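Count along the sequence shown from 1, add 2, and you get the number used in this note's numbering. Comments concern the structure below.
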Amino acid sequence: MKSYKGGRVFEGYALGKLIVYAALKVEKEAGLGPEKEFERFVKARQETVAALDKLYMATLAKMGEKEAQLFVTHKLMAEDLDFEDTVRMELENNVSAEYAVQAAGEQLAEIFASMDDAYMKERANDVREVAMRIVSFLKKADTSLSLKEPSIIICDDLPSSELMKLDKNMILGIVFAKGGSNSHVSILTRMLEIPALCSVEGIEVTPELNGEFAILDAMKSELIIAPDGKMVTAYSKKKKEYEDNKLKLQAFKGKETVTKDGKKTMIYSNIASSFEVENALRNDSEGIGLFRSEFIYLDSSDYPSEDEQFEHYKRVVEAMGEKQTIIRTLDIGADKKIDYFDLPDEENPALGFRSIRICRERPQIFLTQLTALYRASHYGNLAVMIPMIISHSEIKFVHEMAAMARENLKARGLPFNEKMKIGIMVETPAAAIMSDVFAREVDFFSIGTNDLSQYTLAIDRVNPNLGSSFNSHHRAILRLIKLSTENAHKAGIPIGICGELARDEELLPFFLKIGVDELSVSPAYTLSLREQISKIDTTNVDVNKFVG
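Below, the structure written as structure tokens:
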């Protein structure tokens, strides 16, 4: 028996045989000459583009436009002139087209991998995937994964196209030994709710793993290979209990979210794509508490137009119907950088040029987004949330830009909701301390506990050297949450929590006792959170235990 630790992509358990997915290996070898090899490359690229077009249509029907758009991106990468030029340069060394394509892909992938932003780093895998797809056509080799029985897939990384071609019912779980949690395939895996791990320490993916029996424990982020019978029995029981509990949770569909003593709250969903709306509705979410609009910018090679943004927002708002959808405006900067924004390098980007600060310096970007949002407000219950607010002048700027957007649409004769609600995120100590003033100027608050925690404690929450010092239950943080909630309610506006603490079991009684109106979590946790809340009696909760 061997055990390996990794990072969680999506929770759950899987027991079954491993099946290895291995990428094509390309050796350096002589070609038929630069021109003939380039002709081979062009033909293989054409075949790749045709295959990507088919995948786009299949994914569009299966998962929606947002996920299908990945294959449009891959098509653009395959046809990219910089990529083509790099292939030509490699071919001048009299190598095969296979080797030239792989080398060109690796060069471009390294550019992405060197970027600071975690999301952009993961685009390196997209470039490699496109290059290897072209190589497979050059080699006329079928590298497709075939599952003849339900299996746990193990791989260094898995092309998104491979995942989309497989029958989900045949996938027990996935182990991405070298992949990251922000890769496209990891995002798709979460959306499909497949138990999975990534970045597994110390494991080497070799053909010898094929057929090995394994346990994937995505609750403890562990992979166990060749477990003994006693362990298999124990985990079979855990898996059944987990699945039975998921079935029991279906009883909470259609019910109000209410405590044992009759105190009501709402459970909303955090999403980053239009496809996740389906997950939110399937899990009976009562609204969308956080739609991360920056992913529209991250997935674009240039500033997305008003029309492009409008279509994204409209799709989400229409799908949610009467249920509220809260869309967060552009939250670029810090750990999310985009090349075409040409942001300056900063020693401490978390405290630098980001979010609303960028919007004030580049108001046209913000105006375009607000105009698109107002247009989408005509199609459902849309509210807009502004991140990183710390001052009255920023709120004044937001209202001025919103007025400009409304006037723009009136002049164009386009319909919109004149009374679309505008709220702010409370994610800095400044916003929490000023919450009594800010509450009179906006329609709602939403607490971003991730940033609020790190700014309050002056600790980078992802710094591995400070993990033991970071305490998200610190009383200073909880006092700021309590203060913000009290000031929101004094002003008659609702307040929600959209950070990771929203489903913290220890803090849940505290949030409910102080009267938090809405908790926003990943769609998969909606029903389990509703169950937890139904067991809590807030009359027995002592707030001083948390903040005293």
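From the three backbone atoms N, C-alpha and C, an ideal C-beta is built for every residue, glycine too. Treat the numbers as computed from the prediction; the structure is a model and nothing was measured.
Relative to the alpha-carbon of E324, which residue among L168, M3, T373 and E288 has its alpha-carbon at the smallest distance?
Here residue 324 corresponds to residue number 322 of the sequence shown, with the count starting at 1. With distances taken between Cα atoms, E324 lies closest to E288.
Assuming T259 contacts I495 under a Cβ cut-off of 8 angstroms, what Cβ separation, rounded to an integer in Å, is found between them?
Your numbering for residue 259 matches position 257 in the sequence shown. Your numbering for residue 495 matches position 493 in the sequence shown. Actually they do not touch by this definition, with Cβ atoms about 20 angstroms apart.
Please report the distance separating the alpha-carbon of L149 from that of V400.
Along the sequence shown, one-based indexing puts residue 149 at 147. Along the sequence shown, one-based indexing puts residue 400 at 398. Answer to the nearest angstrom: the Cα atoms are 53 angstroms apart.
Given that a residue counts as buried once 16 or more other Cβ atoms are within 10 Å of its Cβ, and exposed if not, what is A99?
As a first step, residue 99 is located in the sequence shown; it is residue number 97 there, counting from the start. Under this definition A99 is a buried residue.
Does the count of Cβ pairs from the stretch 162-180 and the stretch 192-211 closer than 8 angstroms reach three?
A contact exists between the stretch 162-180 and the stretch 192-211.
Can you find a C-beta in chain D that's less than 7 angstroms from the C-beta of L251?
Absence of chain D from the displayed structure is noted, only one protein chain being present.
For the alpha helix (DSSP H) containing S530, list its first residue and its last residue.
Counting from 1 along the sequence shown, the entry for residue 530 is found at position 528. Bounds of the alpha helix (DSSP H) holding S530 are T528 to S536.
Which same chain residues, not among the five before or five after K240, have their C-beta less than 7 angstroms away from its C-beta?
The residue you call residue 240 lines up with position 238 of the sequence shown. Closer than 7 angstroms at the Cβ level, and outside the excluded window around K240, lie Y15.
Alpha-carbon spacing of V543 relative to T261, whole angstroms:
As a first step, residue 543 must be located in the sequence shown, where it is residue number 541. As a first step, residue 261 must be located in the sequence shown, where it is residue number 259. The alpha-carbon atoms of V543 and T261 are separated by roughly 12 angstroms.
Could you spell out where the beta strand (DSSP E) holding M427 opens and where it closes?
The residue labelled residue 427 in the question sits at position 425 within the sequence shown. DSSP places M427 inside the beta strand (DSSP E), whose first and last residues are K423 to V428.
Where Q366 falls, given that 16 or more other Cβ within 10 Å makes a residue buried
Within the sequence shown, the letter at position 364 stands for residue 366. Note on Q366: under 16 other CB atoms within 10 angstroms of its CB, so exposed under the neighbour-count rule.
Please state if the CB of S522 and the CB of Y270 are separated by a distance shorter than 7 angstroms.
Against the sequence shown, residue 270 aligns to sequence position 268. Against the sequence shown, residue 522 aligns to sequence position 520. Yes; because the gap between Cβ atoms is below 7 angstroms, this pair is in contact.
Can you check DSSP and say which residues form a bridge with N272?
Taking the first residue of the sequence shown as position 1, residue 272 is located at position 270. When DSSP reads this structure, N272 sits in a beta bridge with L292.
First and last residue of the alpha helix (DSSP H) that includes V177?
Within the sequence shown, the letter at position 175 stands for residue 177. Note, V177: premise wrong, no alpha helix (DSSP H); beta strand (DSSP E) at I173 to F178.
Rounded to whole angstroms, what's the CA-CA distance from Y58 to V207? Just pull it up for me.
Translated into positions along the sequence shown, residue 58 becomes position 56. Translated into positions along the sequence shown, residue 207 becomes position 205. The alpha-carbon atoms of Y58 and V207 are separated by roughly 29 angstroms.
Assuming I329 contacts M403 under a Cβ cut-off of 8 angstroms, what Cβ separation, rounded to an integer in Å, is found between them?
Start at 1 with the first residue of the sequence shown, and residue 329 comes out as number 327. Start at 1 with the first residue of the sequence shown, and residue 403 comes out as number 401. About 15 angstroms separates the two Cβ atoms, so there is no contact after all.
Rounded to the nearest angstrom, what separates A111 and N127 at their Cα positions?
As a first step, residue 111 is located in the sequence shown; it is residue number 109 there, counting from the start. As a first step, residue 127 is located in the sequence shown; it is residue number 125 there, counting from the start. The C-alpha of A111 lies about 7 angstroms from the C-alpha of N127.
Quick one: what's got a C-beta closer than 7 angstroms to V89's C-beta in the same chain, skipping five residues either side?
In the sequence shown, residue 89 corresponds to position 87, counting from 1. Hits under 7 angstroms: F43, A102, V103 and A106.
Would you be able to state if there are at least three C-beta pairs under 8 angstroms between the stretch 9-23 and the stretch 209-219?
Contact between the stretch 209-219 and the stretch 9-23 is present, with at least three C-beta pairs closer than 8 angstroms.
Would you mind sorting T528 into buried or exposed? The rule is 16 or more other CB atoms within 10 Å of its CB.
Within the sequence shown, numbered from 1, the residue matching residue 528 stands at position 526. Its Cβ being crowded by 16 or more others within 10 Å, T528 is buried.
For Y305, three-class secondary structure by DSSP:
For this step, residue 305 is matched to residue 303 along the sequence shown. Reduced to three states, the DSSP call for Y305 is coil.
Helix, strand or coil at T331 according to DSSP, with G and I counted as helix:
Your numbering for residue 331 matches position 329 in the sequence shown. Three-state result, T331: coil.
Quick one, are the C-beta atoms of F139 and L93 less than 7 angstroms apart?
Within the sequence shown, numbered from 1, the residue matching residue 139 stands at position 137. Within the sequence shown, numbered from 1, the residue matching residue 93 stands at position 91. With respect to L93, F139 sits apart: the two C-beta atoms are not nearer than 7 angstroms.
Best match in I156, L485 and F293 for proximity to L384 [C-alpha to C-alpha]:
Position 382 of the sequence shown holds residue 384. Out of I156, L485 and F293, F293 has the C-alpha closest to the C-alpha of L384.
To the nearest angstrom, report how far apart A179 and I154 are at their CA atoms.
Residue mapping note: residue 179 aligns to position 177 of the sequence shown, counting from 1. Residue mapping note: residue 154 aligns to position 152 of the sequence shown, counting from 1. Going from the Cα of A179 to the Cα of I154 covers about 13 angstroms.
Closest to Q252 by CA distance: which of K265, A228, N285 and A405 is it?
Residue 252 sits at position 250 when you count from the first residue of the sequence shown. Checking every option, the nearest Cα to that of Q252 belongs to N285.
Alpha-carbon spacing of E81 relative to L72, whole angstroms:
In the sequence shown, counting from the first residue as 1, residue 81 sits at position 79. In the sequence shown, counting from the first residue as 1, residue 72 sits at position 70. For E81 and L72, the distance between alpha carbons rounds to 14 angstroms.
If you count every other CB in all the chains shown that lies within 10 Å of the CB of K547, and 16 or more means buried, which is it?
Counted from its first residue, the sequence shown places residue 547 at position 545. Around the beta carbon of K547, a 10 Å sphere encloses fewer than 16 other beta carbons of the protein chains shown; the residue is thus reported as exposed.
To which residues of the same chain is G335 closer than 8 angstroms at the C-beta, ignoring the five residues directly before and after it?
Taking the first residue of the sequence shown as position 1, residue 335 is located at position 333. So the list reads L345, P351, G354, F355, R356, S357, R359 and I360, once near-sequence residues are dropped.
Supposed close pair E296, T373 - CB separation, criterion 8 angstroms:
For the purposes of this step, residue 296 is taken as the residue at position 294 of the sequence shown. For the purposes of this step, residue 373 is taken as the residue at position 371 of the sequence shown. The beta-carbon distance between E296 and T373, rounded to whole angstroms, is 17 angstroms. This is too long to meet the 8 angstroms contact definition.
Just checking my contact of A46 with I136 at CB under 8 angstroms: how many whole Å lie between their CB atoms?
Reading the sequence shown from its first residue, position 44 is the one you call residue 46. Reading the sequence shown from its first residue, position 134 is the one you call residue 136. Your pair A46 and I136 checks out as a contact, with CB atoms roughly 5 angstroms apart and the cut at 8 angstroms.
Can you check which of these residues, F446, S5, K142 and E131, is closest to S162 by C-alpha distance?
Here residue 162 is taken as the residue at index 160 of the sequence shown, counted from 1. Shortest Cα-Cα distance from S162 to any of F446, S5, K142 and E131 involves E131.
My output table needs one value for T208: the three-state DSSP class, helix, strand or coil.
The residue given as residue 208 occupies position 206 in the sequence shown. In this structure, T208 counts as coil in the three-state DSSP scheme.
How is the alpha helix (DSSP H) around D263 delimited, first residue to last?
For the purposes of this step, residue 263 is taken as residue 261 along the sequence shown, with counting starting at 1. Unbroken run through D263: none, as it is neither H nor E.
In terms of alpha-carbon separation, which member of K4, A490 and L514 lies closest to D230?
The count along the sequence shown starts at 1 and reaches residue 230 at position 228. Per the Cα distances, K4.
Out of N95, N212, S470 and E348, point me to the one whose CA is closest to Y23's CA.
For the purposes of this step, residue 23 is taken as residue 21 along the sequence shown, with counting starting at 1. Taking only the C-alpha atoms, the option nearest Y23 is N212.
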